[in-house]
DNA sequence: ACCTGAACACCGTTCAAGT
DNA sequence: ACCTGAACACCGTTCAAGT
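Residue numbers (my numbering), protein chains in the order written: chain A, 1 to 217; chain B, 218 to 434.
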């Protein structure tokens with residue numbers, strides 16, 4: 001009733017009756033095995049043993065289907081854990097745990113992003129971060145800003161994960177990308193530039209810089 | 218010859234002969250007017266007055282077409298400008314100018330992201346940042362890390378632009394999202410949380426924190 | 001070398017019709 | 001209320017055939 005087409009909750013199945021949640025269950029399964037391109041109305045209906053048009057009755061069109069699935073992902077992946085004693089540790093732990101969770105399902109996060117529901121995905125983390133920042137003595141406009149800064153770091157890190165190296169069909173090796181002219185008299189830097197960076201190290205580095213700036217202004 | 222299917226460069230048009238670059242030109246036009254979902258092989262062929270199969274000859278299949286278009290975007294949007302005297306100002310100006318350029322065409326950036334070519338898009342900026350950091354006395358592993366940290370901020374900011382508020386079909390108003398329990402005794406914070414944040418201010422805030430951490434370790 | 005036409009195997013969506 | 005079948009208007013892609 002929140003988003004779908006069916007105006008009344010189907011109730012507990014009257015025999016062989018299909019329900020909205022059963023459709024979303026099956027959709028979720030296809031999404032995780034075949035990927036988002038493998039999820040089709042017809043394929044979903046086939047998996048459920050009904051005509052394609054039955055999907056329209058229970059969840060609406062494809063956009064509504066994706067919205068419903070995004071909502072599930074939000075419920076499943078939005079949770080965060082906090083640990084540590086001082087504010088800096090606790091805030092960092094929220095960011096790191098959320099990042100770790102989301103990195104296990106990058107395609108599901110991409111779906112939420114595609115549906116424009118990232119804000120909803122982050123709402124639990126936002127609440128926790130607000131609490132921690134308040135406890136650390138930060139509030140007002142700078143607290144609101146700080147929360148979003150930390151969360152942007154997380155989602156940016158997840159959306160860009162594994163993006164860095166995928167150079168399709170191109171033979172641009174790192175050796176070609178960087179020449180001695182780019183870093184004269186700095187062979188060590190050149191060496192580091194030509195190797196893929198450790199994404200977790202990068203995240204921790206940036207996070208530390210931001211959290212430090214947030215807590216001690 | 219870099220990516221496409223045609224093995225020899227078509228040369229200058231022999232009369233009515235179609236060329237790879239003409240196809241990409243038309244593709245680019247459709248991309249900017251109709252969006253990525255409006256770009257189809259058949260529609261592209263129709264615009265050029267040829268059969269759909271002619272596209273396959275010149276650029277290959279749809280993936281190759283999108284790759285070719287991404288390559289164009291990389292060439293057009295990758296450039297950066299540097300201004301300012303001190304390192305902090307110059308590094309920040311690179312990040313801000315790149316962000317501003319990319320924000321004008323978020324859908325084109327999304328295409329580059331989709332095709333896994335973000336690294337290529339950022340290569341010019343990387344070169345400039347490496348130079349500036351070296352001049353500022355930063356090098357080795359921390360310079361490589363710092364460059365990527367700044368660039369991740371930029372792309373994250375662009376990919377998330379306008380994502381924050383899009384709450385589709387849902388009636389979750391900010392008033393419902395946040396209750397007094399989330400920020401007890403802090404009405405000012407609550408006020409800020411319920412309003413959409415200024416994305417540019419957020420970017421500048423985070424960028425300043427990172428650049429500061431980078432230049433003065 | 002370059003392009004067409006026909007064909008195949010898919011899509012999402014609508015709508016009248018059934019029970 | 002719930003579901004089917006047929007139909008429409010699309011897709012991307014392959015392949016034999018033309019010039």
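Built from N, CA and C at the ideal position, the CB exists for glycine as well.
DSSP places residue 365(B) in the helix class (H, G or I) of the three-state scheme. Sorting 81(A), 33(A), 18(A) and 77(A) by C-alpha distance to the C-alpha of residue 55(A) places 18(A) at the top. The C-alpha of residue 110(A) lies about 21 Å from the C-alpha of residue 23(A). Around the beta carbon of residue 284(B), 16 or more other beta carbons sit within 10 angstroms, so the residue counts as buried. Following the DSSP letters along the chain, one finds residue 114(A) inside the alpha helix (DSSP H) bounded by residues 106 to 114. Judged by DSSP secondary structure, residue 203(A) falls within the alpha helix (DSSP H) whose first and last residues are 199 to 215. With respect to the C-alpha of residue 113(A), the residue from 194(A), 74(A), 142(A) and 57(A) having the closest C-alpha is 74(A). DSSP places residue 181(A) outside any alpha helix (DSSP H), giving it a letter other than H or E. For residue 313(B), no CB of chain A lies under 8 Å from its own CB, so it is not counted at the interface with that chain. In the DSSP annotation of this structure, the continuous segment of the alpha helix (DSSP H) that includes residue 64(A) starts and ends at 62 to 77.
Contact check for residue 347(B) against residue 375(B) fails: the beta carbons are separated by 8 Å or more.
For the pair residue 359(B) and residue 396(B), the Cα-to-Cα distance works out to about 42 Å. Bounds of the alpha helix (DSSP H) holding residue 247(B) are 237 to 251. At a cut-off of 8 Å between C-beta atoms, residue 58(A) does not count as an interface residue with respect to chain B. Pairing residue 425(B) with residue 367(B) gives a Cβ-Cβ distance that is not under 8 Å. With contact defined as three or more Cβ pairs closer than 8 Å, the region 332 to 350 of chain B and the region 177 to 195 of chain A are in contact. Residues of chain A with a Cβ closer than 9 Å to the Cβ of residue 410(B) are, in chain order, 126, 130, 143, 144 and 147.
Taking a C-beta distance under 8 Å as the contact criterion, residue 105(A) and residue 77(A) qualify as a contact pair. Its chain contains 287 and 291 as the residues whose beta carbon lies nearer than 7 Å to that of residue 334(B), once the 5 sequence neighbours on both sides are disregarded; these appear in chain order. Among the residues of chain A, those whose CB is under 7 Å from the CB of residue 426(B) are 209, 210 and 213, following chain order. Residue 139(A) counts as buried, since at least 16 other C-beta atoms from the protein chains shown sit within 10 angstroms of its C-beta.
Spatial neighbours of residue 47(A) in its own chain (CB-CB distance under 6 Å, excluding positions within 5 residues in sequence) are listed in chain order as 26. For a Cβ distance threshold of 9 Å, nothing in chain A lies close to residue 303(B): the least Cβ distance comes to about 19 Å. About 4 Å separates the beta carbons of residue 144(A) and residue 409(B), which is inside the 8 Å limit, making them a contact pair. Contact check for residue 429(B) against residue 371(B) fails: the beta carbons are separated by 8 Å or more. Residues of chain A with a Cβ closer than 7 Å to the Cβ of residue 251(B) do not exist; the shortest Cβ-Cβ separation is about 18 Å.
In the displayed model, residue 262(B) falls within a helix according to three-state DSSP.
Neighbours of residue 414(B) in chain A, taken as residues at a C-beta separation under 7 Å, are given in chain order as 144, 145 and 148. Put simply, the CB of residue 22(A) is far from chain B, with every gap to its CB atoms at 8 Å or more.
Within the model, the alpha-carbon separation for residue 336(B) versus residue 51(A) is close to 44 Å.
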